[in-house]
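Engineer:
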Amino acid sequence: MAITLTDVAADRVNTFLANRGKGVGLRLGIKTHGCSGMAYVMEFADEIEETDEVFEDHGIKIIVDPKSLVYLDGTEMDFTKEGLNEGFKFTNPNESGACGCGESFTV
Amino acid sequence: MALLQISEPGMSTAPHEHRLAVGIDLGTTNSLVASVRSGAAEILCDPEGNALLPSVVRYLENGATEVGKKAQDNQLEDLPNTISSAKRLLGRGIKDLKTLGGSLPYEFATASSSSHGTESNVPQIKTVAGNKTAIEVSAEILKTLKQRAEESLGGELKGAVITVPAYFDDAQRQATKDAARLADLKVFRLLNEPTAAAVAYGLDQKEELSERIIAVYDLGGGTFDISILKLNKGVFEVMATGGDSALGGDDFDHAIAEWILEEALLEDTHNTKIHRKAMIEARRVKEALTDNNEVSVKLEDWQGSLSRNQFDEMVAPLVKKTLMACRRALRDSSLDKDQVHDVVMVGGSTRMPVVREKVGEFFGQPPLVDIDPDKVVAIGAALQADVLAGNKPDAEMLLLDVIPLSLGLETYGGLVEKVIARNTTIPITRAQEFTTFKDNQTAMTVHILQGERETVEENRSLAKFALKGIPPMVAGAARIKVTFQVDADGLLNVHAEEETTGAKAGVEVKPSYGLTDSEIEGMIRDSMDNAQADMEARKLREQLVEADRTLEALDSAMASDADRMLNDEEKKTLLAARSELMEAKHTSKDAESVKAAIKNMEKVAEFYVARRMDDNVKKAMAGHNVDEFNK
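Chains as they are written, first to last, in the working numbering: chain A, 12 to 118; chain B, 852 to 1482.
1. I think I1111(B) touches A1139(B), with their Cβ atoms under 8 Å apart; what is that distance to the nearest whole Å?
2. Please report the straight-line C-alpha distance between L871(B) and P860(B), rounded to a whole angstrom.
3. What number of angstroms, rounded off, separates the C-alpha of E893(B) from the C-alpha of D1223(B)?
4. By how many angstroms is the C-alpha of Q1292(B) removed from the C-alpha of D1069(B)?
5. Measure from the C-beta of E859(B) to each C-beta in chain A and report whether the shortest distance is under 8 Å.
6. With 8 Å set as the bound, which would you pick, yes or no: does the beta-carbon of E64(A) sit closer than that to a beta-carbon of chain B?
7. Look up D76(A) in the DSSP assignment and say whether it is helix, strand or coil.
8. Can you check whether the CB of L1313(B) is closer than 8 Å to the CB of D1095(B)?
9. Can you list the residues of chain A that E1002(B) reaches, using a CB-CB cut of under 8 Å?
10. Sort W1153(B), R909(B), N1143(B) and S936(B) by Cα distance to L1116(B) and report the nearest one.
11. Please check if any C-beta of chain B sits within less than 8 Å of the C-beta of E54(A).
12. To the nearest whole angstrom, what separates the beta carbons of T86(A) and N103(A), a pair I think is in contact under 8 Å?
13. Buried or exposed, going by whether 16 or more other CB atoms sit within 10 Å of the CB of T1014(B)?
14. Is it buried or exposed, D1119(B), if we count other Cβ atoms within 10 angstroms and call 16 or more buried?
15. State the DSSP-derived secondary structure class of Q1283(B), mapped to helix, strand or coil.
16. Tell me, to the nearest whole angstrom, how far the beta carbon of D76(A) is from that of E60(A); I am working on the premise that it is less than 8 Å.
17. Should I1131(B) be labelled buried (16 or more other beta-carbon atoms within 10 Å of its own) or exposed?
18. Is DSSP giving H1126(B) helix, strand or coil here?
19. Using a threshold of 8 Å, state whether the C-beta atoms of L1343(B) and E1303(B) are closer than that.
20. In angstroms with no decimal places, state the Cα-to-Cα distance between V1050(B) and G1085(B).
21. Could you tell me whether the Cβ of D68(A) comes closer than 8 Å to any Cβ of chain B?
22. Which residue marks the beginning of the beta strand (DSSP E) containing D876(B), and which one marks its end?
23. Per DSSP, which one or two residues make a beta bridge with D1193(B)?
24. Below 8 Å on the Cβ atoms is my guess for E1062(B) versus K1037(B); work out the distance and round it to an integer in Å.
25. Among A1442(B), A1398(B) and R1179(B), whose alpha-carbon lies nearest the alpha-carbon of G1452(B)?
26. Where does Q926(B) fall in DSSP's three states?
27. Under the assumption that R1207(B) contacts V1197(B) (Cβ atoms under 8 Å), give the Cβ distance between them as a whole number of angstroms.
28. Would you say N30(A) lies against chain B (beta-carbon separation less than 8 Å)?
29. Are the C-beta atoms of Y82(A) and some chain B residue less than 8 Å apart?
30. Go to R943(B), then tell me how far its alpha helix (DSSP H) extends in each direction, as first and last residue.
31. Does the region 1265-1276 of chain B come into contact with the region 1326-1338 of chain B, if we say contact requires no fewer than three beta-carbon pairs (one atom in each stretch) closer than 8 Å?
32. Whole angstroms is fine: what's the gap from E970(B)'s alpha carbon to F1316(B)'s?
33. So within the region 1256-1327 of chain B, which uninterrupted beta strand (DSSP E) runs reach at least 3 residues, ignoring any that extend past its ends?
34. How long is the line joining the alpha carbons of V918(B) and T995(B), rounded to whole angstroms?
35. Which class does Y82(A) belong to by DSSP, given the choice of helix, strand or coil?
36. As an exercise, report each continuous alpha helix (DSSP H) stretch of at least 4 residues that is fully enclosed by the region 1395-1435 of chain B, in chain order.
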């Protein structure tokens, strides 16, 4: 298994990284927080830890710590527009329920 | 699920705790809002994809307002109730109106007829919806931008950075803040427009020079501003400002229009319609000449063409006028052209190649033009808002501003004693001691002024208050400490205190051209009175979305299996209910009737839904043994 990006998501991540001017890739993770158990974390990564798992898709390094990986494995990341709002969306096979707002999820 | 954005390392927020912040360019002609998402600053557009919101507000008889393009389109039909360029009136008193130049098409109410029952000297514009101040008009614009931002970012705003011209005095800054308060928008900071433009280009991040001189050339639709900034260790100092409040892109249109009328032998016509047509055509030609060397021109039966060279020659006097202002600003800041490190272009009119070329020649270097000149100020403000909202790991790029004009108070003989000199970095607190002039004097008037001149009349009066309760003593014995405090937004607070007896009498000051607290309360109450109407509008919109969803579900179901599952009679019933819902969606003005139509549609379609479900269950079970399902 792995973590993958859609073409659109990859394009946006590349743009944002280039815009920022530094960073080795994109760090994904989960945080126990929120109204329905866990929340996704998505940050620019400036360094890779020894224990990190690194995937590469569309030339982008996706960095995940091993604790988060069990919850994220198989996730596909997309970039979409909903009305005026736009941003990244996760399709996670491990996810079994989300809170009403969709910001946190349970496995 | 909710849509996510990329954060800086370690700066992820917990769900529902996003630090959403925006930068707002509250302009005389147009306003914009921008925000930083996934590390990049971008302009937030309305649902039609427009970045610019015309700064025009129209008040309707029923108390509703139209803001932006809609108000602008109706402007000519409803001139007295459609207010544009409110920014020119912000923070101005009734006495200032005459000096603003040009006639304003509104009728002003007298001070005593203020709709909120308190006296103030803020000019009130008469409209069908009651008297309105420039602060209220600006608040409507801010409300519209706030709503746009919250829809785009998917959450409530934590705050905003709003830009103001570098030459705005304390009263004008306070008025801008009051407008934000009315719009229920928290202001992190007010930022000078030229400073914001320099930030957008990241000039504050360049460290190869300890000191940078930046010229910001801002040519908008109707105004021209030149600012000379000095950047020293993260502090932007305004060295000089200058410009022409009646020179802008519109004047370039005029020049072309005049030429068209002359060429078409129509220069003597008094037909205003033809004049308007000529102006519209002129604007099109001007914009087309940015990318073409020759553009064909048409007016009525006449046809011709205009080359870029001809145009450049035509508008040369206008460009020259702006360069004269640049020269003056440089002289005011005691600098030479070759001491300027960067030239930043702001305003839509700086797209004209002739402007870029002449400005480049003047400063001896190509100006910065990579960022859309209409958007550069809002983008700089958004970058600063992102830092102030706490989305950056360290306090990188925390800008410090300076006060644009000296602050002081009136002393005996109508003179001004300066307490804080101009270009002092803010925030700052400074105190000065004064004393009584007469024996047994028990009160003293503190008159606060702003400006560089020596006499009271030549400076701008900001506020006046009386310090009472000074114990009777001989002249010169009392020690009155007056403290001036300027916060990070350049807003002023003054306290006076009698020290010898320890008796304290502190007073808070509000600029005399701001609004009183009771006025602001009254306005906030007004906005609450409209809360019901706002809520109704929201409910209706929600039901319309629900109606769309229902219609879509029905259409896709029917497309897939209507022929198989429905007879003609049933199809007819469903389609009839469908068109009823369509009708309700297009004509209803209230949420309830749309909701009823949706309910009706769902009821009529009940049998169809049930049939489809049965069908699906059957399909799923086909080929399986009943026992399998009992496990």
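Think of the CB as a built atom: it goes at the ideal place given N, C-alpha and C, for glycine as much as any other residue. Note that this is a predicted model, so its numbers are computed, not measured.
Structural biologist: In terms of the structure at hand:
1. Translated into positions along the second sequence, residue 1111(B) becomes position 260. Translated into positions along the second sequence, residue 1139(B) becomes position 288. Between A1139(B) and I1111(B) the Cβ distance is about 14 Å, and since that is not below 8 Å, they are no contact.
2. Position 20 of the second sequence, counted from the first residue, corresponds to residue 871(B). Position 9 of the second sequence, counted from the first residue, corresponds to residue 860(B). If I take the Cα positions, the gap works out to 17 Å.
3. As a first step, residue 893(B) must be located in the second sequence, where it is residue number 42. As a first step, residue 1223(B) must be located in the second sequence, where it is residue number 372. Cα to Cα, the separation comes out at about 11 Å.
4. For the purposes of this step, residue 1069(B) is identified with residue 218 of the second sequence, where counting begins at 1. For the purposes of this step, residue 1292(B) is identified with residue 441 of the second sequence, where counting begins at 1. Each residue's Cα considered, the two are about 52 Å apart.
5. The count along the second sequence starts at 1 and reaches residue 859(B) at position 8. Yes, its Cβ sits closer than 8 Å to a Cβ of chain A.
6. Within the first sequence, numbered from 1, the residue matching residue 64(A) stands at position 53. Not closer than 8 Å to any Cβ of chain B, the Cβ of E64(A) fails to qualify, so no.
7. Against the first sequence, residue 76(A) aligns to sequence position 65. Looking at D76(A) - three-state DSSP - the assignment turns out to be coil, as it is neither helix nor strand.
8. On the second sequence, residue 1095(B) is found 244 positions in, with the first residue counted as 1. On the second sequence, residue 1313(B) is found 462 positions in, with the first residue counted as 1. No.
9. Here the question's residue 1002(B) lines up with position 151 in the second sequence. Neighbours of E1002(B) on chain A, chain order: G94, L95 and N96.
10. For the purposes of this step, residue 1116(B) is identified with residue 265 of the second sequence, where counting begins at 1. Checking every option, the nearest Cα to that of L1116(B) belongs to W1153(B).
11. Translated into the one-based positions of the first sequence, residue 54(A) becomes position 43. Answer yes: the Cβ-Cβ gap between E54(A) and chain B drops below 8 Å somewhere.
12. Mapped onto the first sequence, residue 86(A) falls at position 75. Mapped onto the first sequence, residue 103(A) falls at position 92. 4 Å between Cβ atoms; contact.
13. Taking the second sequence and counting its residues from 1, one reaches residue 1014(B) at position 163. Buried is the call here.
14. By 1-based counting over the second sequence, the position of residue 1119(B) is 268. Looking at its Cβ environment, which holds fewer than 16 other Cβ atoms inside 10 Å, D1119(B) is exposed.
15. Residue 1283(B) sits at position 432 when you count from the first residue of the second sequence. Three-state result, Q1283(B): strand.
16. Locating residue 76(A) in the first sequence gives position 65, counting from the first residue. Locating residue 60(A) in the first sequence gives position 49, counting from the first residue. Right, the Cβ-Cβ distance comes to about 7 Å (below 8 Å), so this counts as a contact.
17. On the second sequence, residue 1131(B) is found 280 positions in, with the first residue counted as 1. Exposed is the call here.
18. Position 275 of the second sequence, counted from the start, is the residue given in the question as residue 1126(B). Helix.
19. Translated into positions along the second sequence, residue 1343(B) becomes position 492. Translated into positions along the second sequence, residue 1303(B) becomes position 452. Their beta carbons are not under 8 Å apart, which means L1343(B) does not touch E1303(B) by this criterion.
20. Sequence index remark: in the second sequence, residue 1050(B) carries index 199 (1-based). Sequence index remark: in the second sequence, residue 1085(B) carries index 234 (1-based). When rounded, the distance between both Cα atoms is 11 Å.
21. Sequence index remark: in the first sequence, residue 68(A) carries index 57 (1-based). Closer than 8 Å: no.
22. To locate residue 876(B), count along the second sequence from 1; it is residue 25. D876(B) -> beta strand (DSSP E) spans A872 to D876.
23. Counting from one through the second sequence, the residue named residue 1193(B) turns up at place 342. D1193(B) pairs with I1065(B).
24. Locating residue 1062(B) in the second sequence gives position 211, where the first residue counts as 1. Locating residue 1037(B) in the second sequence gives position 186, where the first residue counts as 1. Not quite, the Cβ-Cβ distance comes to about 34 Å (not below 8 Å), so this is no contact.
25. Your numbering for residue 1452(B) matches position 601 in the second sequence. Before going further, note that residue 1452(B) is Met rather than Gly in the sequence given. Of A1442(B), A1398(B) and R1179(B), the residue nearest in Cα terms is A1398(B).
26. The residue you call residue 926(B) lines up with position 75 of the second sequence. Three-state result, Q926(B): helix.
27. In the second sequence, the residue the question calls residue 1207(B) occupies position 356. In the second sequence, the residue the question calls residue 1197(B) occupies position 346. Not a contact, Cβ separation roughly 12 Å.
28. Here residue 30(A) is taken as the residue at index 19 of the first sequence, counted from 1. Yes - at least one Cβ of chain B is within 8 Å of the one on N30(A).
29. By 1-based counting over the first sequence, the position of residue 82(A) is 71. It does not: the Cβ of Y82(A) has no partner Cβ on chain B nearer than 8 Å.
30. Looking up residue 943(B) in the second sequence gives position 92. Note, R943(B): premise wrong, no alpha helix (DSSP H); not H, not E.
31. yes
32. On the second sequence, position 119 is the one that residue 970(B) refers to. On the second sequence, position 465 is the one that residue 1316(B) refers to. Unreliable positioning characterises E970(B) in this predicted model, as indicated by a pLDDT of 46, which lies under 50. The coordinate reading is nonetheless provided below. Distance between the alpha carbons of E970(B) and F1316(B) is about 16 Å.
33. 1258-1262, 1266-1271, 1279-1285, 1295-1301 and 1311-1318
34. The count along the second sequence starts at 1 and reaches residue 918(B) at position 67. The count along the second sequence starts at 1 and reaches residue 995(B) at position 144. Their backbone Cα atoms lie some 7 Å apart in a straight line.
35. Stepping through the first sequence from its first residue, residue 82(A) is reached at position 71. The answer is helix: DSSP assigns Y82(A) an H, G or I state.
36. none
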